[in-house]
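J.: Residue numbering for the sequence shown follows the working numbering, beginning at 475 and increasing consecutively. Could you have a look at this structure, given as structure tokens, before my questions?
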Amino acid sequence: MILDKSLIEQHNQANQSLHKKKFEALSAVLSGEGHDVKTILEKIAAFQIAIPSWALGTGGTRFGRFAGGGEPRSLEEKIEDVGLLHALNQSSNSISLHIPWDIPKDPKAITQLAASFELGFDAVNSNTFQDQADQKESYKFGSLSHTDKAVRDQAIQHNIDVIRHGVDLGSKALTIWLSDGTDFPGQQNFRRMFERTLDSIQQIYAELPADWKVLVEYKPYEPHFYSTVIADWGTSLLFCNKLGEKAVGLVDLGHHLPNTNIEQIVSRFLMEGKLGGFHFNDSKYGDDDLTVGSIKPYQLFLIFNELVEGMSSPEIKNPELSWMIDASHNIKDPLEDLLQSVEAIKIAYAQALIIDRPALEKAQAENDATLAQEIMQNAYRTDVRALLAEARQQAGAALNPVAFYRESKIREQLVSQRGAKSFATGL
Ligand code: PSV
Ligand code: MN
Ligand code: MN
Numbered sequence: 475m476i477l478d479k480s481l482i483e484q485h486n487q488a489n490q491s492l493h494k495k496k497f498e499a500l501s502a503v504l505s506g507e508g509h510d511v512k513t514i515l516e517k518i519a520a521f522q523i524a525i526p527s528w529a530l531g532t533g534g535t536r537f538g539r540f541a542g543g544g545e546p547r548s549l550e551e552k553i554e555d556v557g558l559l560h561a562l563n564q565s566s567n568s569i570s571l572h573i574p575w576d577i578p579k580d581p582k583a584i585t586q587l588a589a590s591f592e593l594g595f596d597a598v599n600s601n602t603f604q605d606q607a608d609q610k611e612s613y614k615f616g617s618l619s620h621t622d623k624a625v626r627d628q629a630i631q632h633n634i635d636v637i638r639h640g641v642d643l644g645s646k647a648l649t650i651w652l653s654d655g656t657d658f659p660g661q662q663n664f665r666r667m668f669e670r671t672l673d674s675i676q677q678i679y680a681e682l683p684a685d686w687k688v689l690v691e692y693k694p695y696e697p698h699f700y701s702t703v704i705a706d707w708g709t710s711l712l713f714c715n716k717l718g719e720k721a722v723g724l725v726d727l728g729h730h731l732p733n734t735n736i737e738q739i740v741s742r743f744l745m746e747g748k749l750g751g752f753h754f755n756d757s758k759y760g761d762d763d764l765t766v767g768s769i770k771p772y773q774l775f776l777i778f779n780e781l782v783e784g785m786s787s788p789e790i791k792n793p794e795l796s797w798m799i800d801a802s803h804n805i806k807d808p809l810e811d812l813l814q815s816v817e818a819i820k821i822a823y824a825q826a827l828i829i830d831r832p833a834l835e836k837a838q839a840e841n842d843a844t845l846a847q848e849i850m851q852n853a854y855r856t857d858v859r860a861l862l863a864e865a866r867q868q869a870g871a872a873l874n875p876v877a878f879y880r881e882s883k884i885r886e887q888l889v890s891q892r893g894a895k896s897f898a899t900g901l
């Protein structure tokens, strides 16, 4: 469905007077604190977060999946949905594809369709964690780390095929999330698993185009419950360093054991110039893939504090980052969920932008922990939502995307076009 832009204007008009009051009050506070509101608005507007092709339908757990209405039935419909999101918030100008869940059969037509919604393609993701119907070797006991060369070769070839799909779409990165691991002590030799994996990824790395990166994602457990080959940031960094310049780490927020200090991991990766990007989501227990900012918004803010500080520091030489969402679950409307996730990411970014950095550095130099906390929380407790709304309005998007989505009955329209019980492809 194509969104009628005049409806967004009507929505913005109807909400203008309250928005203006909030924005003017916030601008006065921020200007008073020495911030340049115009520059902050520009930074917020420029910040774009990629949407994963696998998050446009309701997800599920192994205990069940409940169809939502109007879910996209093809890659084309997924691209339309991302186009819709982008029209609503002007903050998601790209899509990250998972292959073979979303194979672009006619890449030229797919890129044209995406371009018609002003969308491009972020990292392409390979999948060697499931067996596909037409596949010769099984990944039951691993893929890139498998003891059998024939299985490894098949998994290597799949990754090379994914790079080729990505090249056709104008993508510039391959994300490898390797589920390989073991479930029982003694099942495999840790060192040999690592060595086989390194050899496999080296062969994939050799096929990367000159301007590409490989994002090495880590995860402590699941699907395997005793060991995972790329279990943590240290292992990811180890692989990246051994592979070379094009290899960088990918931080999925849900891929950490409880209470891990993720912001410090971000700082370490940045310090080494090896931070490649993010899979944003939120988590209470494990890899929950909940809406970004729904559980630990302060952690998200602290991560953005490291990013804003690190990326503006002349000492840090880190390549440009891939900002992607990786969230999907059972009960919410996926489009509303993604709008909320993007909003949460941008709120954390905006709050990190308004930290009084000179004052923070002084407090740090003087070991004044109380003042440091005051400074951090002054930024975190500032309600910056009017800044985001203003940046959206200036970009032609909706002041309140979720409210607009509901008022305009977008889901109802999708249901009438696609059916009440459609399951999104993939997953
Ligand atoms: C694995 O848990 C993961 O985070 C990886 O990024 C996958 O590609 C994605 O989820 C989808 O299953
Ligand atoms: Mn992920
Ligand atoms: Mn995950």
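Note that beta-carbon positions come from the ideal geometry of N, C-alpha and C, so glycine has one too.
Could you check if residue 751 belongs to the surroundings of ligand 2, using beta carbon to heavy atom distance under 8 Å?
T.: no
J.: Threshold first: 3 residues or longer. Then list the beta strand (DSSP E) segments lying entirely within the segment 548-581, N to C.
T.: 568-570
J.: Provide the residue span of the alpha helix (DSSP H) that contains residue 668, from first to last.
T.: 664-679
J.: Which two residues bound the contiguous beta strand (DSSP E) that contains residue 650?
T.: 647-651
J.: Under the criterion of a Cβ to heavy atom distance below 8 Å, does residue 693 qualify as lining ligand 3?
T.: Because some heavy atom of ligand 3 lies under 8 Å away, the Cβ of residue 693 counts as near it: yes.
J.: Which value, in whole angstroms, describes the spacing of the CA atoms of residue 541 and residue 702?
T.: 32 Å
J.: Which of the three DSSP states, helix, strand or coil, is assigned to residue 769?
T.: Residue 769 falls in the coil class under three-state DSSP.
J.: What residue range does the alpha helix (DSSP H) around residue 534 cover?
T.: Per DSSP, residue 534 belongs to no alpha helix (DSSP H) and is neither H nor E.
J.: Could you spell out where the alpha helix (DSSP H) holding residue 636 opens and where it closes?
T.: Start and end: 623-643.
J.: Starting from residue 721 and walking both ways along the beta strand (DSSP E), at which residues does that stretch end?
T.: 721-726
J.: What residue ranges within the segment 832-856 form continuous alpha helix (DSSP H) runs of no fewer than 4 residues, ordered along the chain?
T.: Fully enclosed alpha helix (DSSP H) runs of 4 or longer: 843-854.
J.: What residues in its chain sit with their C-beta under 6 Å from that of residue 865, if we drop five residues either side in the sequence?
T.: 515, 518 and 519
J.: What I want to know is whether the C-beta of residue 762 ends up closer than 8 Å to one or more non-hydrogen atoms of ligand 2.
T.: Checking the 8 Å criterion, the Cβ of residue 762 is out of range of every heavy atom belonging to ligand 2.
J.: Tell me which residue opens and which closes the beta strand (DSSP E) that residue 751 is part of.
T.: Start and end: 749-754.
J.: Starting from the Cα of residue 784, find the closest Cα among 755, 824, 820 and 742 and give me that residue.
T.: 742
J.: Kindly identify the DSSP beta-bridge partner or partners of residue 689.
T.: In the DSSP assignment, residue 689 forms a beta bridge with 649 and 722.
J.: Check this for me: beta carbons of residue 573 and residue 598, under 9 Å apart or not?
T.: Annotated as proximal: residue 573 and residue 598, with beta-carbon spacing under 9 Å.
J.: Just how far apart, CA to CA, sit residue 802 and residue 840?
T.: 44 Å
J.: Could you round the C-beta distance between residue 820 and residue 565 to whole angstroms and report it? I think they count as a contact, below 8 Å.
T.: 6 Å
J.: Is it a yes or a no for the segment 878-896 touching the segment 826-834, going by three-plus beta-carbon pairs under 8 Å?
T.: no
J.: Measure from the alpha carbon of residue 652 to the alpha carbon of each residue in 691, 665, 669 and 614, then state which is nearest.
T.: 691
J.: Exposed or buried, residue 544, counting other C-beta atoms within 10 Å across all chains shown (16 or more means buried)?
T.: buried
J.: Between which residues of its own chain and residue 846 is the CB-CB distance below 7 Å, once the five residues before and five after are set aside?
T.: Exclusion of the five residues before and after residue 846 leaves 834, 837 and 838 as the residues of its chain whose Cβ lies within less than 7 Å of its Cβ.
J.: By the 10 Å Cβ neighbour count, where 16 or more other Cβ atoms means buried, how is residue 494 classified, buried or exposed?
T.: Within a 10 Å sphere around the beta-carbon of residue 494 sit fewer than 16 other beta-carbons, which makes this residue exposed.
J.: Tell me which residues share the same chain as residue 482 and place their Cβ nearer than 6 Å to its Cβ, disregarding the 5 neighbours each side in the sequence.
T.: Sequence-distant Cβ neighbours of residue 482 in its own chain, meaning closer than 6 Å and more than five residues away, are 872.
J.: Nearest-angstrom Cα distance between residue 884 and residue 583?
T.: 25 Å
J.: May I ask you to verify whether the segment 731-748 touches the segment 711-721, counting CB pairs closer than 8 Å and requiring at least 3?
T.: yes
J.: What first and last residue would you give for the beta strand (DSSP E) that runs through residue 796?
T.: 796-799
J.: Quick check on the DSSP output: what are the complete beta strand (DSSP E) runs of length 3 or more inside the segment 783-827, in order along the chain?
T.: Listed in chain order, the beta strand (DSSP E) runs fully inside the segment 783-827 are 796-799, counting runs of at least 3 residues.
J.: How is the alpha helix (DSSP H) around residue 729 delimited, first residue to last?
T.: Run containing residue 729: none; DSSP gives neither H nor E here.
J.: Would you say residue 804 touches ligand 3, meaning its beta carbon is less than 8 Å from a heavy atom?
T.: The answer is no for residue 804.
J.: Could you please give the first and the last residue of the uninterrupted alpha helix (DSSP H) stretch that includes residue 746?
T.: No alpha helix (DSSP H) contains residue 746, which DSSP labels as neither H nor E.
J.: What span of residues does the alpha helix (DSSP H) with residue 513 cover, start to end?
T.: 511-520
J.: Which of helix, strand or coil does DSSP assign to residue 708?
T.: Residue 708 falls in the helix class under three-state DSSP.
J.: Just list the residues that DSSP pairs residue 764 with in beta bridges.
T.: 756
J.: How would you label residue 775, buried or exposed, when you count the other beta carbons within 10 angstroms and need 16 or more for buried?
T.: buried
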